Amino acid sequence: MSKTINILSVIDVETILQQIQNGRLKPGTMSNPTYLGAWSASDNYIYMITALGFIDTDSTTRAGSELRVDARIGDTIQWELTCPGSGLQHNAIIANVIVGDQPSPPSLTRPEERLTLRKIYEQANNGGYQLVRQNDFVSDVLNNGITQYFVEFQIINTTGENLGFFKWDPFVNVMSEDAYKEAKTAFLKKKEAVLA
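For the sequence shown, the numbering used here assigns the number 16 to the initial residue and increments by one for each residue that follows.
Here it is in structure tokens:
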């Protein structure tokens, strides 16, 4: 049964802006976003999360910038992005998701921008909410293989002023149905042993 794998990326905007002020990073442009590095370098700025069942079974990290997720043919991947404070001083907006050229044929369709409507509840135990429009990127899983992709985003201030474009490059691991089931069963048994 195909599933939607929601990947939420949380951007540490304040640290990125501090690095710009210190001259360690440059604010990129839409056509040339600043690359935030790989693994431990990008871990300084980005935290990626998804449901435990989709975390790559061989992964040693959870919530790092190089989150590797396991997917199956027929699944859909949906990327969304936020930052601590979500617009109180600054905001981060997903600008693009670009799939790498390996494997061939590609594992994922070209990600498309999609407007989603979210219910944001105002307080606990109260039914009142606001509808919020948000742009996410969505891709369908086509073939087996490991795909590296780029997530590009923009940082803006509360008046909408552009403060720069940036990018990093996590992974999707598309497995055969049998390999997926076997890996997930072993992974969950290992997790149950740890949680018990």
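Cβ atoms here follow ideal geometry from the backbone N, Cα and C, with glycine treated the same way. It should be emphasised that the depicted structure is a prediction, and the values quoted were computed from it without experimental measurement.
Contact holds between the region 107–127 and the region 158–168, because three or more Cβ pairs, one in each stretch, are under 8 Å apart. Secondary structure note for residue 29: it is in no beta strand (DSSP E), and the uninterrupted alpha helix (DSSP H) holding it is 28–36. Around the beta carbon of residue 126, a 10 Å sphere encloses 16 or more other beta carbons of the protein chains shown; the residue is thus reported as buried. Beta-carbon to beta-carbon, residue 31 and residue 40 are separated by about 6 Å, close enough to satisfy the 8 Å threshold.
Residue state for residue 196 is assigned as helix, using DSSP reduced to three classes.
Look at residue 191 here: in three-state DSSP terms it is coil, with no helix or strand label.
When only Cα atoms are considered, residue 156 and residue 197 end up about 19 Å apart.
The region 50–68 and the region 178–188 touch, with three or more beta-carbon pairs separated by less than 8 Å. Distance from the Cα of residue 35 is smallest, within the candidate group 45, 18, 60 and 19, for 60.
Going by DSSP, residue 85 is part of the beta strand (DSSP E) stretching over 83–87. Take the alpha-carbon of residue 78 and the one of residue 25: they are about 9 Å apart. An exposed status is given to residue 147, since fewer than 16 other beta-carbon atoms sit within 10 Å of its beta-carbon. Note on the region 125–177: whole beta strand (DSSP E) runs with a minimum of 3 residues are 127–136, 144–155 and 160–172, in chain order. In this structure, residue 154 sits near residue 123, with a CB-CB distance shorter than 7 Å.
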